[in-house]
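When the letters of the sequence shown are read in order and numbered with mature numbering (1 follows the signal peptide of the UniProt record, and there is no 0), they come out as residues -27 to -1, 1 to 113.
Don't be surprised by glycine CBs; every beta carbon is placed ideally from N, CA and C.
These numbers were taken from a predicted model, which means no experiment stands behind them.
Let me begin by presenting the structure, written as structure tokens, before commenting on it.
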Amino acid sequence: MAISFFGLAIFLFLTLDSDFISSPVSAASEGVQITYGSVIKLMHERTKFRLHSHDEPYGSGSGQQSVTGFPNVDDSNSYWIVRPVSDTNAQQGDTIKGGTIIRLQHMRTRKWLHSHLLNVSLTMMPIAVMPYAINLLISK
């Protein structure tokens, strides 16, 4: 799991950021509170692409549901639900504080976001991210 988390962290660092997740101070200064059950979009700051997924498997590698960056703002496949990790007492509606580990669930397919350490055919980077299961750390 640590390797998968590390792989996703690198992927997010290199390709995808979120105003809500990587900069919660900015979100807080705008009066935005992220709670369990919140529906968010993760957006790459430079390209403005959103973390996107749909029920179509990768043609190679894991064969699991694909996750990509997508430029369309109105895309309904770019919504992710913020969920607590399974070993917590957190409930829907509880506010998420800095340092909290969360999980992301794709809104339309209900698959959990996770990563694999394997080459992705499009980039040949040794990281693949797909919906299944992963915990994310909310930065302070």
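Cβ pair Arg23, Gly10 closer than 8 Å: Cβ distance not < 8 Å, so Arg23 and Gly10 don't count as in contact.
Start-to-end residues for the beta strand (DSSP E) that takes in Gln78: Counted as a single uninterrupted DSSP element, the beta strand (DSSP E) harbouring Gln78 occupies residues 74 to 79.
Alpha-carbon to alpha-carbon, Val55 and Lys21: Within the model, the alpha-carbon separation for Lys21 versus Val55 is close to 20 Å.
Cβ-based neighbour list, Leu58, same chain, cut-off 8 Å, excluding 5 preceding and 5 following: The displayed chain sequence assigns Val, not Leu, to residue 58. So the qualifying residues of the chain are Ile74, Ile75, Arg76, Asn108.
Burial state of Ser51, where buried means 16 or more other Cβ atoms lie within 10 Å: The residue is buried, with at least 16 neighbouring Cβ atoms inside 10 Å.
Backbone CA spacing between Gln38 and Glu29 [nearest angstrom]: So the alpha carbons of these two residues sit roughly 5 Å apart.
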